[in-house]
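Residue numbers (my numbering): 9 to 199.
The beta carbon of each residue, even a glycine, is placed where N, CA and C say it ideally should be.
Because the structure is a prediction, the values reported are computed rather than measured.
Notes follow the structure.
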């Protein structure tokens with residue numbers, strides 16, 4: 009069942025929509041216990057291996073190292089606090105879910121179906137927006153034009169963007185199964 013949640017100026021519609029949203033969120037989490045709390049913490053703090061060149065890493069071993077190294081730090085304590093806050097919100101949503109009747113759910117579904125049809129009829133398809141992430145392309149072009157760079161760690165983007173976004177990961181390091189930030193001076197290679 010797919011439910012579209014919208015916002016309306018009507019206060020009663022807003023209350024039903026908020027309840028339906030809470031219900032949808034808690035339905036996915038209703039069968040989870042405290043063990044999933046640790047999994048949530050691992051998801052936020054652990055290794056993200058969904059990046060180019062990061063396949064085949066021993067994610068469990070790396071996550072264990074990350075957790076051991078992080079324990080006791082302010083960051084770790086803050087993540088635990090955020091995890092507790094999420095659990096409190098889930099409990100609150102579960103209580104809210106128990107008060108929602110089938111009639112309220114049906115009414116909210118009908119309102120959302122009506123809103124979805126209305127939005128679909130009024131949408132403007134005359135303009136197309138395309139966003140293309142080109143960092144790998146530019147890195148490949150630089151390596152093609154300057155073959156010496158092929159065996160060097162490189163990063164793509166302006167210096168301020170790389171520092172600000174902490175994106176100093178390189179395709180070469182990922183290929184060799186290293187996932188760590190490079191110190192900024194390593195960007196300036198003597199080629």
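- In the structure shown, residue 134 falls within a coil segment according to DSSP collapsed to helix, strand and coil.
- Here residue 165 is not near residue 132, since their CB atoms are 8 angstroms or more apart.
- Here residue 84 has 78 as same chain residues with Cβ atoms under 6 angstroms from its own Cβ, once five neighbours each way along the sequence are excluded.
- By the Cβ-count criterion, residue 125 is exposed, with fewer than 16 other Cβ atoms from all chains shown falling within 10 Å of its own Cβ.
- Looking at the backbone, the Cα of residue 137 and that of residue 147 are separated by about 24 angstroms.
- Under the 10 Å beta carbon count, residue 119 is surrounded by 16 or more other beta carbons and is classified as buried.
- In this structure, residue 55 keeps its C-beta atom at 8 angstroms or more from the C-beta atom of residue 72.
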